[in-house]
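Protein sequence lines, in the order shown, are assigned to chains A and B. Residue 97 is where the first sequence starts when you use my numbering, and the numbers rise one by one after that. Residue 97 is where the second sequence starts when you use my numbering, and the numbers rise one by one after that.
There are 2 protein chains.
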Amino acid sequence: MDERQALSAFAALAQEHRLRIVRHLVTAGPDGLAAGVLANAIGVSTSNLSFHLKELDRSGLIEARRDGRSIIYSAVYPALSGLIEFLMRDCCQGRPEVCAPAVAALSACCNPTGETAHV
Amino acid sequence: MDERQALSAFAALAQEHRLRIVRHLVTAGPDGLAAGVLANAIGVSTSNLSFHLKELDRSGLIEARRDGRSIIYSAVYPALSGLIEFLMRDCCQGRPEVCAPAVAALSACCNPTGETAHV
DNA sequence: TCTACATCTCAAAACGTATTGAGATATTGG
DNA sequence: CCAATATCTCAATACGTTTTGAGATGTAGA
């Protein structure tokens, strides 16, 4: 992850519909969701959704695969990891206690039934 | 962290100069940096820097305090934690192995002299 | 092949954001 | 108080992005 990629990713996430798309796909897991399912979940026209999906694909945050008539989109988890790492790299002058809450929040995020850390 | 705050934060990070400012401040630690120091480090006019610092302040990612004639800016680490948690909340349908790289990357980020995970 | 379905492409209009330079404000030391 | 320093405000210009609707493309089943 370099600066150019990070800027592209943050720009992709800085839009209401695209942020919702990514969060739906992050929650959906590696199996992903069809474009039509996303259009209903987010509440945008298919034309507009297509525009946003293309932006997200260009940024590398999601990927597409065809399955019959549908196109299935899924989150690219390594891109999300890379973005987090880029943002927090070499943080806090070696004072880990400053960043501990971030680590705790992320560690808890894979546990939808348990207590999720809401920082 | 709600959607409105997250959108504001991502929009703030989706700009070359602002992303550099945040990364400088994240690296600088809680002591922060003066506006003039940032202007030199980033290479923008003081007028333009002021505009971007205000955007970042509005988004809650940085905060300001006066110290004599200087104004010292510093990263708001809980806002960064909250943003990461918002993005990754309830991820991957309970398959922690999908998100493990993100946790590892973030855990390693407080260690500037050791091996930083470059995912 | 024909039809229905799922998704994408394109151009135009509407909208918001970044940069610039001149000038204003606030603080310190003499 | 005055001058120097540090930072901020404002308005104009330039630029890029989002939305919309009509139509095109690609796929599956009868």
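A virtual CB, placed ideally from N, CA and C, is assigned to each residue, including glycine. Quick caveat, the model's predicted, so the values are computed rather than measured.
Next on the checklist: Can you confirm whether the stretch 179-197 of chain B touches the stretch 151-161 of chain A when touching is taken to mean that 3 or more C-beta pairs between the two stretches lie within less than 8 angstroms?
Outcome noted: Flag = no, the stretch 151-161 of chain A and the stretch 179-197 of chain B do not touch.
Next on the checklist: Please list the terminal residues of the continuous alpha helix (DSSP H) segment that includes D153/B.
Outcome noted: Here residue 153/B refers to the residue found at position 57 of the second sequence. That run of the alpha helix (DSSP H) goes T142 to S155.
Checklist entry - Nearest-angstrom Cα distance between A201/A and S146/B? => result Here residue 201/A corresponds to residue number 105 of the first sequence, with the count starting at 1. Here residue 146/B corresponds to residue number 50 of the second sequence, with the count starting at 1. Approximately 32 angstroms between the Cα atoms of the pair.
Item to check | Short CB-CB distance (under 7 angstroms) between Y169/B and chain A | outcome: Along the second sequence, one-based indexing puts residue 169/B at 73. Answer no: the Cβ-Cβ gap between Y169/B and chain A never drops below 7 angstroms.
Checklist entry - Does the pairing of the stretch 132-150 of chain A with the stretch 110-121 of chain A give three or more beta-carbon distances under 8 angstroms? => result Contact holds: three or more Cβ-Cβ distances are below 8 angstroms.
Checklist entry - Would you say G128/B and S170/B are within 7 angstroms of each other, going by their C-beta atoms? => result Residue 128/B sits at position 32 when you count from the first residue of the second sequence. Residue 170/B sits at position 74 when you count from the first residue of the second sequence. The answer is yes: Cβ separation under 7 angstroms.
Next on the checklist: Among L176/A, H113/A, M184/A and T142/A, whose alpha-carbon lies nearest the alpha-carbon of A105/A?
Outcome noted: Reading the first sequence from its first residue, position 9 is the one you call residue 105/A. With distances taken between Cα atoms, A105/A lies closest to L176/A.
Next on the checklist: If you follow the beta strand (DSSP E) that R162/B is in, where does it begin and where does it stop?
Outcome noted: What you label residue 162/B is simply residue 66 of the second sequence in a count that begins at 1. I158 to D163 is the extent of the beta strand (DSSP E) around R162/B.
Checklist entry - Apart from the five residues on each side of it in sequence, which residues of its chain come closer than 6 angstroms, Cβ to Cβ, to D163/A? => result By 1-based counting over the first sequence, the position of residue 163/A is 67. The same chain holds no residue with a CB closer than 6 angstroms to that of D163/A once the five nearest residues on each side in sequence are set aside.
Item to check | Candidates I168/B, H148/B and C205/B, of which the one nearest E193/A by Cα | outcome: The count along the first sequence starts at 1 and reaches residue 193/A at position 97. Looking at the Cα atoms, C205/B is the closest of the given residues.
Item to check | For L103/B and E112/A, believed in contact at Cβ under 8 angstroms, the rounded distance | outcome: In the first sequence, the residue the question calls residue 112/A occupies position 16. In the second sequence, the residue the question calls residue 103/B occupies position 7. Their Cβ separation, rounded to whole angstroms, is 6 angstroms, which keeps E112/A and L103/B in contact under 8 angstroms.
Checklist entry - How long is the line joining the alpha carbons of V172/B and S166/A, rounded to whole angstroms? => result Walking along the second sequence from the start, residue 172/B turns up at place 76. Walking along the first sequence from the start, residue 166/A turns up at place 70. So the alpha carbons of these two residues sit roughly 42 angstroms apart.
Next on the checklist: I168/A and A108/A - do their beta-carbons sit closer together than 7 angstroms?
Outcome noted: Along the first sequence, read from residue 1 onward, the residue named residue 108/A stands at position 12. Along the first sequence, read from residue 1 onward, the residue named residue 168/A stands at position 72. It is not a contact, given that the beta carbons lie outside the stated cut-off.
Checklist entry - Taking the Cβ atom as the reference point for each residue, do H148/B and R100/B lie within a distance shorter than 7 angstroms? => result Mapped onto the second sequence, residue 148/B falls at position 52. Mapped onto the second sequence, residue 100/B falls at position 4. The Cβ-Cβ distance between H148/B and R100/B does not fall below 7 angstroms.
Checklist entry - Since A110/A is in the beta strand (DSSP E), which residue starts that stretch and which ends it? => result Here residue 110/A refers to the residue found at position 14 of the first sequence. Segment: none, A110/A is in no beta strand (DSSP E) and carries neither H nor E.
Item to check | Sheet register partners of L129/A (DSSP bridge) | outcome: As a position in the first sequence, residue 129/A is number 33, starting the count at 1. Beta-bridge pairing links L129/A to Y169/A.
Item to check | Local Cβ density within 10 Å of R191/B, reported as buried at 16 or more and exposed below that | outcome: Here residue 191/B refers to the residue found at position 95 when the second sequence is read from its first residue. Label assigned to R191/B: exposed.
Item to check | Beta-carbon proximity list for T142/A, same chain, < 6 angstroms, skipping 5 on both sides | outcome: For the purposes of this step, residue 142/A is identified with residue 46 of the first sequence, where counting begins at 1. If we look at T142/A and ignore the five residues flanking it on each side, its Cβ neighbours are A135.
Checklist entry - According to DSSP, is G190/A helix, strand or coil? => result Locating residue 190/A in the first sequence gives position 94, where the first residue counts as 1. Here DSSP, grouped into helix, strand and coil, assigns G190/A to helix.
Checklist entry - So does L202/A have its beta carbon nearer than 6 angstroms to some heavy atom of the ligand FMN? => result Of ligands this structure carries none, so the ligand FMN is not represented either.
Item to check | Neighbouring residues, chain A, relative to S177/B (Cβ below 7 angstroms) | outcome: The count along the second sequence starts at 1 and reaches residue 177/B at position 81. Within 7 angstroms Cβ-Cβ: P197, A198, A201 and V215.
Item to check | Proximity winner among E159/A, D186/A, C187/A and C188/A, relative to S174/A (alpha-carbon distances) | outcome: Taking the first residue of the first sequence as 1, we reach residue 174/A at position 78. The sequence given here places Pro at residue 174/A; Ser does not occur at that position. Of the listed residues, the one whose Cα sits closest to P174/A is E159/A.
Item to check | For C206/A, three-class secondary structure by DSSP | outcome: On the first sequence, residue 206/A is found 110 positions in, with the first residue counted as 1. The DSSP-derived three-state label of C206/A is coil.
Next on the checklist: Can you check whether the C-beta of E181/B is within less than 7 angstroms of a C-beta belonging to chain A?
Outcome noted: Numbered from its first residue, the second sequence carries residue 181/B at position 85. Interface residue (Cβ-Cβ distance to chain A less than 7 angstroms): E181/B is classified as such.
Checklist entry - So which of A198/A, S203/A, M184/A and C188/A has the shortest CA-CA distance to P126/B? => result Position 30 of the second sequence, counted from the first residue, corresponds to residue 126/B. Nearest of A198/A, S203/A, M184/A and C188/A to P126/B, Cα basis: C188/A.
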